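S.K.:
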Amino acid sequence: MASTLSDPLTTLKGEPQVVWHQTTVTVGAVLDALNTIRNKFAREEAAEEDQPHPRNCVMTLIAVASSDDEERRAQLAYRMIGAQHPAQGIVIREQADEAAAGIEAFISTDVQRPPSACATQCELVTMRVRGAAGQHLAGLIDPLTTSGVPTYLWWVGTPPFGRREVDDGVKVCDALIVDSSRFERPYHSFLGLSRLAATRHQRLGIGDLQWSRLRPWRETIAQFFSPAERRAFLNGISSVGIEYAGEGRGNRIAAAVLTGWIASALGWKLQRAAAGSGGVVAAHYVAEGWRPIDLAFRSVKKGHLESGEITTVRIEGASGGQTFSLTVQRDPERSPLPEPPDPSYSSVHRPGGEDDAGVELAERRSERHREVLQGSRDALHHTATGQPPGEGTPRRSTVVTRERRRGEDPSLILLTLIEIGGGETLRHIQRIDSEDDATLLLDLLASGTHDAVYIRSLSAAADLMRAV
Numbered sequence: 000m001a002s003t004l005s006d007p008l009t010t011l012k013g014e015p016q017v018v019w020h021q022t023t024v025t026v027g028a029v030l031d032a033l034n035t036i037r038n039k040f041a042r043e044e045a046a047e048e049d050q051p052h053p054r055n056c057v058m059t060l061i062a063v064a065s066s067d068d069e070e071r072r073a074q075l076a077y078r079m080i081g082a083q084h085p086a087q088g089i090v091i092r093e094q095a096d097e098a099a100a101g102i103e104a105f106i107s108t109d110v111q112r113p114p115s116a117c118a119t120q121c122e123l124v125t126m127r128v129r130g131a132a133g134q135h136l137a138g139l140i141d142p143l144t145t146s147g148v149p150t151y152l153w154w155v156g157t158p159p160f161g162r163r164e165v166d167d168g169v170k171v172c173d174a175l176i177v178d179s180s181r182f183e184r185p186y187h188s189f190l191g192l193s194r195l196a197a198t199r200h201q202r203l204g205i206g207d208l209q210w211s212r213l214r215p216w217r218e219t220i221a222q223f224f225s226p227a228e229r230r231a232f233l234n235g236i237s238s239v240g241i242e243y244a245g246e247g248r249g250n251r252i253a254a255a256v257l258t259g260w261i262a263s264a265l266g267w268k269l270q271r272a273a274a275g276s277g278g279v280v281a282a283h284y285v286a287e288g289w290r291p292i293d294l295a296f297r298s299v300k301k302g303h304l305e306s307g308e309i310t311t312v313r314i315e316g317a318s319g320g321q322t323f324s325l326t327v328q329r330d331p332e333r334s335p336l337p338e339p340p341d342p343s344y345s346s347v348h349r350p351g352g353e354d355d356a357g358v359e360l361a362e363r364r365s366e367r368h369r370e371v372l373q374g375s376r377d378a379l380h381h382t383a384t385g386q387p388p389g390e391g392t393p394r395r396s397t398v399v400t401r402e403r404r405r406g407e408d409p410s411l412i413l414l415t416l417i418e419i420g421g422g423e424t425l426r427h428i429q430r431i432d433s434e435d436d437a438t439l440l441l442d443l444l445a446s447g448t449h450d451a452v453y454i455r456s457l458s459a460a461a462d463l464m465r466a467v
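To convert, note that position 313 of the sequence shown is 312 in numbering that gives the first Met the number 0; the numbers rise steadily by one, no gaps.
#1: Start and end of the alpha helix (DSSP H) containing residue 51?
#2: Would a C-beta distance cut-off of 8 Å place residue 122 and residue 37 closer than the cut-off?
#3: Looking only at its own chain, which residues have a Cβ that is under 6 Å from the Cβ of residue 28, when we skip the five neighbours before and after it?
#4: Using a threshold of 8 Å, state whether the C-beta atoms of residue 431 and residue 411 are closer than that.
#5: Pull the bridge partners of residue 252 from the DSSP assignment, please.
#6: Counting only the same chain and skipping the five closest in sequence on each side, list residues whose C-beta sits under 6 Å from that of residue 22.
#7: Excluding the five sequence neighbours on either side, which residues of its own chain have a C-beta within less than 7 Å of the C-beta of residue 159, listed in chain order?
#8: Going by DSSP, which residues form a beta bridge with residue 466?
#9: Suppose you measure from the CA of residue 458 to the CA of residue 19; what does that come to, to the nearest Å?
#10: Could you give the C-beta distance for residue 306 and residue 227, rounded to a whole number, given that I count them as a contact under 8 Å?
#11: Which runs of the beta strand (DSSP E) fall wholly inside the segment 239 to 322 and span at least 3 residues, in chain order?
#12: Using a threshold of 8 Å, state whether the C-beta atoms of residue 282 and residue 294 are closer than that.
#13: Can you tell me the Cα-Cα spacing of residue 248 and residue 186, whole angstroms?
#14: Three or more C-beta pairs closer than 8 Å, one from the segment 324 to 332 and one from the segment 201 to 221: is that the case here?
#15: Residue 67: which of 94, 77 and 57 sits nearest, CA to CA?
#16: Work out the CA separation of residue 163 and residue 26 for me, nearest whole Å.
#17: With the cut-off set at 8 Å, would you say residue 478 and residue 45 are in Cβ contact?
#18: Starting from residue 187, follow the alpha helix (DSSP H) in both directions and report where the run begins and ends.
#19: Report the rounded CA-to-CA distance for residue 254 versus residue 331, giving the unit in angstroms.
#20: Give me the Cβ distance between residue 204 and residue 449, rounded to the nearest whole Å; I'm assuming they're in contact under 8 Å.
#21: Compute the Euclidean distance between the alpha carbons of residue 81 and residue 224, then round it to the nearest angstrom.
#22: Measuring only the C-alpha atoms, how far is residue 238 from residue 456?
#23: Look at the alpha carbon of residue 70 and the alpha carbon of residue 179, and state the distance between them as a whole number of angstroms.
#24: Run through the DSSP bridge pairs and tell me what residue 520 is partnered with.
#25: State the DSSP-derived secondary structure class of residue 167, mapped to helix, strand or coil.
#26: Taking only heavy atoms of the ligand FMN into account, decide whether any of them is closer than 7 Å to the Cβ of residue 431.
#27: Consult DSSP for residue 90 and reduce its assignment to one of helix, strand or coil.
#28: Rounding to the nearest angstrom, what Cα-Cα distance links residue 436 and residue 452 in this structure?
#29: Tell me which residue opens and which closes the alpha helix (DSSP H) that residue 447 is part of.
#30: Just to confirm the assignment, what range does the beta strand (DSSP E) spanning residue 430 have?
#31: Check whether the Cβ atoms of residue 61 and residue 106 sit closer than 8 Å, and answer yes or no.
#32: Alpha carbon to alpha carbon, how far is residue 136 from residue 34? Give it in angstroms, no decimals.
#33: Pick out whichever of 134, 85, 127 and 124 has its Cα sitting closest to the Cα of residue 111.
#34: In its own chain, which residues sit with a C-beta less than 7 Å from the C-beta of residue 236, not counting the 5 before and 5 after it?
#35: Any idea if residue 215 is buried or exposed, counting beta-carbon neighbours within 10 angstroms, 16 or more meaning buried?
#36: Going by Cα to Cα distance, which pick from 258, 251, 268 and 323 is closest to residue 298?
Shown next as structure tokens:
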């Protein structure tokens with residue numbers, strides 16, 4: 000299974016076709032309708048002399064939604080995944096406030112016809128459950144699941160940890176997937192997630208889309224310490240600072256999980272922590288030999304980022320008489336360059352300085368495109384005139400990088416600054432992947448939901464959250 004999607008929206012053709020709908024129905028009737036739809040498609044696709052092809056299914060993805068927005072997000076994510084991976088999708092919309100109990104069900108289909116394989120049909124079952132029926136998730140889920148393939152329960156919003164709905168649902172699923180960045184009560188819900196992870200049965204996996212969002216940060220930090228000559232720096236870290244988007248206390252989960260990942264990997268022990276105004280958190284860890292490490296959180300205003308998203312990580316220390324500093328920034332602040340007297344490509348677009356992180360990315364892409372266009376133009380000129388390449392051709396046009404960057408999402412830029420001793424500052428620019436639900440889900444499922452590193456980081460992050 001691929002961990003990312005390549006332009007998945009291009010494979011989706013309009014809205015899915017609703018092929019079955021009943022306002023008051025039982026789960027048994029939904030299953031009968033589903034089997035009828037599948038059998039009909041298999042017969043229609045088979046040639047007269049051929050047998051119906053068996054239906055492929057690599058997983059069952061069950062999403063629990065509590066609002067119209069969550070329902071639409073779950074449906075779109077499943078359609079994007081189903082466009083490239085044969086899977087079964089079920090969306091359960093809880094409507095506990097409705098007085099009359101009952102189930103309204105829809106079945107919609109998407110048909111994919113790859114050029115080198117037989118057609119596949121992905122069915123999406125949406126059940127809007129009114130009243131107390133939503134408290135019996137196992138009874139809704141179990142009859143519709145496909146045997147022999149993993150079943151994932153994705154709670155799109157905030158799971159009611161400790162209540163019957165969650166306990167009942169995880170009994171018949173292989174893994175529970177959440178998105179801690181969307182928890183309505185981040186502190187209490189995160190501690191509920193950590194308790195579930197600590198007391199779950201061995202077969203149940205736990206996944207968090209937030210963990211996948213942190214992958215670029217984890218990889219960048221790990222890469223800094225990867226060279227053999229920098230390994231000693233791991234035992235010389237003296238301070239860690241993390242900034243996250245928001246106002247006040249906000250959602251500290253991402254910052255806490257990233258801290259938990261570092262602390263649990265290096266064997267740090269939490270001694271004390273305190274929270275102040277403005278989202279400030281100060282904590283004190285000790286490493287082996289009682290070497291102290293200071294940790295600091297603070298929230299910063301970044302209106303275009305979701306609350307809780309990490310914006311900056313700074314790690315500083317010293318080892319072997321040499322100081323080091325690692326700074327990773329998302330969407331670093333940029334100021335315009337002064338207009339040069341000669342508006343040529345090389346003078347307008349000179350790289351350097353953290354203010355030009357996004358421009359540098361666009362500059363590289365512009366240069367590659369210009370080289371391809373220039374080569375094609377020289378070849379065509381030589382063919383048409385017989386002149387050697389470069390002779391008699393017009394002056395090369397100016398490529399304005401800032402114009403090309405207008406369509407670039409600045410929130411997807413990650414800037415890394417490395418300072419070791421008194422040497423020159425090293426800088427690296429990268430573009431992180433888009434963070435839509437389908438891509439994050441596939442990344443998480445491809446990595447596995449029985450991730451000991453995540454569980455270890457979750458436990459350490461929960462200890463920090465309880466301390467403040």
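Heads up, the beta-carbon is just placed ideally off N, CA and C, and yes, glycines get one too. What you are looking at is a predicted structure, and each value in this text was computed from that prediction instead of being measured.
M.R.: So, to answer that:
#1: Counting along the chain, residue 51 falls outside any alpha helix (DSSP H), and DSSP gives it neither H nor E.
#2: yes
#3: none
#4: yes
#5: The partner list for residue 252 (beta bridge, DSSP) is empty, contrary to what the question assumes.
#6: 103
#7: 165
#8: Beta-bridge pairing links residue 466 to no other residue.
#9: 45 Å
#10: Incorrect: roughly 40 Å between the Cβ atoms, too far for contact.
#11: 268 to 274, 280 to 286, 290 to 299 and 309 to 318
#12: yes
#13: 10 Å
#14: yes
#15: 94
#16: 20 Å
#17: Any answer about residue 478 is impossible in this case: the structure gives the chain only from 0 up to 467.
#18: 185 to 198
#19: 18 Å
#20: 5 Å
#21: 38 Å
#22: 18 Å
#23: 18 Å
#24: Absent from the structure is residue 520, since the part of the chain shown begins at 0 and ends at 467.
#25: helix
#26: The ligand content of the structure shown is nil, which means the ligand FMN is not present either.
#27: strand
#28: 22 Å
#29: Segment: none, residue 447 is in no alpha helix (DSSP H) and carries neither H nor E.
#30: 425 to 430
#31: no
#32: 21 Å
#33: 85
#34: 292, 314 and 316
#35: buried
#36: 251
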